[in-house]
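A quick write-up on the structure given underneath.
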């Protein structure tokens, strides 16, 4: 039986199994879902056991467990270490979902559910690609799987797990499907990822909420102060004003920038898809450059005072913001977090006190476009999608890529099958049924070419 | 029996009755409390009936009912119209209350509960002052009570009620207890109140929440944009930048400002009470001036993006803020709301769309310091507190004062017995037991002097 035939005749079952997994709300950020996160891990372990790995286990960590599985085919064959994550982003705002986030549904050829694309759907392609190769007796590489449950909260326990298990994780290449392709017409391979510093700022004014009539105008309002501080973090050219922020940023050569801008991209389609009239960003760079090779700063959340129905004339005691920065080579997450903290404290007026905490961070990474792994991935895409994949730089972060390089000295191939429009981290996250099916086929092809 | 004796021997019962009223969560802003708001009105009506008014009723409006009661003593005696409100502010943030907001408790000689001071506690002093005068046969003025249930949401139905009931509400003076005294040592009478424009701004960027890695830096983030807009609403001298905002502001004469600044006020005590290192405000004005005679702008609430536990890398579709301005004579609430809306739309960048709605407003007011009513109030305070009250300008708003002047051509006397430190509109709102008791006595004294 041919690979495509096997996949096609089993795709409905593959999808049903994925749906079962998507129904488990494995939200790692929210402690109320702790048991569900474990349940999602147990589910995956059982699925690995069903498809005939040598060994599958839950590796306990200080937080959520890591699912590990392996199959040794031939000592002389290369070993692929597949990394992914089974935890998902929180589903809120819930009222914007058309169908509930943990009740997967297919509409317009897309699977709608939290985690459909990021990353349960993409991880499950690897599970089913393995099943396909195993049932058809086509396993050509040794395979190891490491699927964690803390990616969405900064992979806090992964670094020590990797450091403590170097022998177990020994491999020739890392394979990750947690990124997007340019479009269904243009397969692509991500060769650069941004890093991340995620900060939380708390501004405190008076020791209690006050009546805005009695005190308004006579003392600093922490919300107004926070807004002023946030506003000052960008200058009029869209550049970030934190001293030293750009010091380590690698400027690409004109030829590199030119190559990057050759990727198919329509500003009109982009604006239409988002329903915005104008784009915005750092002066002197294109949209592809702004998300691919330039660092950025965004408020991810802000709150303070009365946010309920109607009007409440309060002058709040506190204001909060979650602010994250995407980093590019050779910025360091730790260093940028420090610069941010120092700057925020420096610009805070004496009328308030400021507390800054650093959530998780991650380092930017660039993966090689030469060598056997990239070539195998390119061949695999071409054989299934009919087009040579385009190398791209992605705006998102997968901190594990830098970690693997540092701890295991392993390069990574990023074979992502999502689309930017998949609404990951947002309401109505989805993943194309076609992407899911062709992704499985492409993964099988990668194994074949990588063993050649 | 003397007035003081009657009050002292009944004060525990007075307080128990008030507690029963405070237990009814009459939050007018939140539709979930609709039945409780009515229950609080019914409670008050029953209390009026118990103390022997001629007539008490609930007057239905488009929103919450108005409690009306009256007692005619003598056609030739003057008529006092007491105004107050039985609705309360929302109690959140709930976790900052030491005892639950709707389970009143006395601690350190203070009654802690939502509404203890604003305004149930102060309204109830009038009810019990009436009882005292009635039982002791000392009623010297005709009395009308109008206690509404929508003060905290802008008294939307009061204006038409007043317009439609001019005959019923005919009186010689309005008496309101909904303000504060300078301190327990310094009785004061409020002679100026600020007006209010309360606005809500919604900034929309992309049509959905986005992944901040994939899109961050390439499109405008509505939270960052909103912060920038809010930051620009004040200049470096603390002045509001909305064009035309100060055009109608009445500048006080140097002598008037001097008189205002003679009120006892300690900046050190003020800062210590609020635990702030520095005050803030419009350059060239003192703290008393900033809250008394100058208009201001404060963010009362802001929200957007992810505000839960942990980190979520979202680039939100929308950001919101509730922004209110306190107004002084002769600014008009409607005009300022229009100027605000126009300015916000003018400064919104083309990368976002902006929606502005006006919540309730109210006009600023100044009450006369000459004439019989002010004199009677001053004498009443002096007889109970042993000191002549100081006329003050308050920062808060009681829009009804301007409304009464306009519709009924009646002046108002503001006999407030709260303290600025009573945490109205905030967690742990409270009202001194002593203030409650002496307030009742002072109100009785006012009736006596006003009839003289």
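Chains as they are written, first to last, in my numbering: chain A, 20 to 471; chain B, 20 to 471.
For each residue, glycine too, the CB sits at the ideal point set by N, CA and C.
Does the distance from the C-beta atom of residue 2 of chain A to that of residue 371 of chain A stay below 8 Å?
Since the displayed chain A opens at 20 and closes at 471, residue 2 of chain A lies outside it and no answer follows.
Is the number of C-beta pairs between the stretch 106-126 of chain B and the stretch 151-159 of chain B that are closer than 8 Å three or more?
no
If we ignore side chains and look at the alpha-carbon of each, how far apart do residue 255 of chain B and residue 237 of chain A end up?
Mapped onto the second chain, residue 255 of chain B falls at position 236. Mapped onto the first chain, residue 237 of chain A falls at position 218. Taking the straight line joining both Cα atoms gives about 15 Å.
Which term fits residue 108 of chain A, buried or exposed, when burial requires 16 or more other beta carbons within 10 angstroms of its beta carbon?
Along the first chain, read from residue 1 onward, the residue named residue 108 of chain A stands at position 89. So residue 108 of chain A counts as buried.
Checking the sheet assignment: what are the DSSP bridge partners for residue 217 of chain B?
Translated into the one-based positions of the second chain, residue 217 of chain B becomes position 198. Its beta-bridge partners are B:343.
With a floor of 3 residues, list each beta strand (DSSP E) that falls wholly inside the stretch 136-215 of chain B, ordered by position along the chain.
Counting only runs of at least 3 residues, the stretch 136-215 of chain B fully encloses the following beta strand (DSSP E) elements, listed from N- to C-terminal order: 161-167, 192-195 and 207-212.
Which residue or residues does DSSP assign as beta-bridge partners of residue 386 of chain B?
Position 367 of the second chain, counting from 1, holds the residue named residue 386 of chain B. DSSP output for residue 386 of chain B lists no bridge partner at all.
Outcome for residue 431 of chain A when other beta-carbon atoms lying within 10 angstroms are tallied against a minimum of 16
Against the first chain, residue 431 of chain A aligns to sequence position 412. When all chains shown are included, residue 431 of chain A counts as buried.
Return the bridge partner residues of residue 87 of chain B from the DSSP annotation.
The residue you call residue 87 of chain B lines up with position 68 of the second chain. B:76 and B:165, per the DSSP bridge assignment.
From the DSSP output, in three-state form, read off residue 271 of chain A for me.
Against the first chain, residue 271 of chain A aligns to sequence position 252. When DSSP states are grouped into helix, strand and coil, residue 271 of chain A belongs to the coil group.
Answer yes or no: does any C-beta atom of chain B fall closer than 8 Å to that of residue 228 of chain A?
Within the first chain, the letter at position 209 stands for residue 228 of chain A. By this cut-off, residue 228 of chain A is an interface position.
Where the stretch 302-318 of chain B meets chain A: residues whose CB sits under 7 Å from a CB there
306, 309, 310, 313, 315, 317 and 318
Using 8 Å as the Cβ pair cut-off and three pairs as the minimum, do the stretch 263-280 of chain A and the stretch 294-308 of chain A touch?
yes
In whole angstroms, give me the CA-to-CA distance for residue 367 of chain A and residue 316 of chain B.
To locate residue 367 of chain A, count along the first chain from 1; it is residue 348. To locate residue 316 of chain B, count along the second chain from 1; it is residue 297. When rounded, the distance between both Cα atoms is 20 Å.
Just the Cα atoms here: how many angstroms apart are residue 194 of chain A and residue 111 of chain A?
Position 175 of the first chain, counted from the first residue, corresponds to residue 194 of chain A. Position 92 of the first chain, counted from the first residue, corresponds to residue 111 of chain A. So the two alpha carbons sit approximately 30 Å from each other.
With a cut-off of 8 Å, does the C-beta of residue 297 of chain A fall near any C-beta of chain B?
Working through the first chain from its first residue, we reach residue 297 of chain A at position 278. Proximity of residue 297 of chain A to chain B, defined by a Cβ-Cβ separation below 8 Å, is satisfied.
Under 8 Å, do residue 436 of chain B and residue 130 of chain B count as touching if we go by C-beta distance?
Translated into the one-based positions of the second chain, residue 436 of chain B becomes position 417. Translated into the one-based positions of the second chain, residue 130 of chain B becomes position 111. Against a cut-off of 8 Å, the Cβ pair of residue 130 of chain B and residue 436 of chain B comes out as no contact.
Could you confirm whether any beta carbon from chain B is found closer than 8 Å to the beta carbon of residue 102 of chain A?
In the first chain, the residue the question calls residue 102 of chain A occupies position 83. Output row for residue 102 of chain A: interface = no.
Just to confirm my understanding: we take residue 412 of chain A, look at its own chain, exclude 5 residues before and 5 after, and list those with CB closer than 7 Å. What are they?
If you number the first chain from 1, residue 412 of chain A lands on position 393. Cβ within range, chain order: 210, 211, 279, 311 and 312.
Please determine if the stretch 385-403 of chain B and the stretch 291-299 of chain B are in contact, where contact requires at least 3 C-beta pairs separated by less than 8 Å.
no
According to the neighbour-count rule (16 or more other Cβ atoms, all chains shown, within 10 Å of its Cβ), is residue 50 of chain B buried or exposed?
The count along the second chain starts at 1 and reaches residue 50 of chain B at position 31. Using a 10 angstroms sphere on the CB of residue 50 of chain B, the tally of other CB atoms stays under 16, which defines it as exposed.
Residue(s) in a DSSP beta bridge with residue 322 of chain B:
Within the second chain, the letter at position 303 stands for residue 322 of chain B. DSSP output for residue 322 of chain B lists A:322 and B:339 as bridge partner(s).
Near residue 337 of chain B, which residues of its chain fall below 7 Å by C-beta distance, leaving aside the five closest residues on each side in sequence?
Position 318 of the second chain, counted from the first residue, corresponds to residue 337 of chain B. Closer than 7 Å at Cβ, skipping near neighbours: 221, 222, 223, 241 and 323.
Let me make sure I understand the geometry here. Which of B:448, B:416, B:427 and B:443 has the alpha-carbon closest to that of residue 214 of chain B?
Position 195 of the second chain holds residue 214 of chain B. When each option's Cα is compared against that of residue 214 of chain B, the closest is B:416.
Just the Cα atoms here: how many angstroms apart are residue 468 of chain B and residue 145 of chain B?
Against the second chain, residue 468 of chain B aligns to sequence position 449. Against the second chain, residue 145 of chain B aligns to sequence position 126. Cα-Cα distance, rounded: 16 Å.
Please report the distance separating the alpha-carbon of residue 190 of chain B from that of residue 184 of chain B.
In the second chain, residue 190 of chain B corresponds to position 171, counting from 1. In the second chain, residue 184 of chain B corresponds to position 165, counting from 1. So the two alpha carbons sit approximately 12 Å from each other.
Counting only the same chain and skipping the five closest in sequence on each side, list residues whose C-beta sits under 8 Å from that of residue 406 of chain B.
Start at 1 with the first residue of the second chain, and residue 406 of chain B comes out as number 387. Answer for residue 406 of chain B: 204, 205, 206 and 400, listed in chain order.
For residue 239 of chain B, count the other beta carbons within 10 Å of its own beta carbon; 16 or more makes it buried, fewer makes it exposed. Which is it?
Working through the second chain from its first residue, we reach residue 239 of chain B at position 220. Counting Cβ neighbours within 10 Å, residue 239 of chain B comes out buried, since at least 16 surround it.
If you draw a straight line from the C-alpha of residue 27 of chain B to the C-alpha of residue 267 of chain B, how long is it?
The count along the second chain starts at 1 and reaches residue 27 of chain B at position 8. The count along the second chain starts at 1 and reaches residue 267 of chain B at position 248. Roughly 49 Å between the two C-alpha positions.
Taking the alpha-carbon positions, what's the residue 67 of chain A to residue 60 of chain A distance?
Your numbering for residue 67 of chain A matches position 48 in the first chain. Your numbering for residue 60 of chain A matches position 41 in the first chain. Taking the straight line from one Cα to the other gives about 11 Å.
As a quick exercise: from A:102, A:265 and A:200, pick the residue whose alpha carbon is nearest that of residue 165 of chain A.
Here residue 165 of chain A is taken as the residue at index 146 of the first chain, counted from 1. Residue 165 of chain A has its Cα closest to that of A:102, out of A:102, A:265 and A:200.
What are the residues in the stretch 370-384 of chain A lying within 9 Å of chain B by C-beta distance?
Taking 9 Å as the Cβ-Cβ cut-off against chain B, the residues of the stretch 370-384 of chain A that qualify are 370, 371, 372, 378 and 379.
For residue 105 of chain A, which option in A:43, A:125, A:96 and A:98 has the closest C-alpha, if you only look at C-alpha atoms?
In the first chain, counting from the first residue as 1, residue 105 of chain A sits at position 86. When each option's Cα is compared against that of residue 105 of chain A, the closest is A:43.
Can you tell me where the alpha helix (DSSP H) with residue 310 of chain A in it begins and where it stops?
Here the question's residue 310 of chain A lines up with position 291 in the first chain. Per DSSP, residue 310 of chain A belongs to the alpha helix (DSSP H) from 306-311.
Return the CA-CA distance between residue 186 of chain A and residue 374 of chain B, expressed in angstroms with no decimal places.
Locating residue 186 of chain A in the first chain gives position 167, counting from the first residue. Locating residue 374 of chain B in the second chain gives position 355, counting from the first residue. When rounded, the distance between both Cα atoms is 58 Å.
What whole-angstrom Cβ distance do residue 99 of chain A and residue 192 of chain A have, given they're in contact under 8 Å?
The count along the first chain starts at 1 and reaches residue 99 of chain A at position 80. The count along the first chain starts at 1 and reaches residue 192 of chain A at position 173. Confirmed, about 6 Å.
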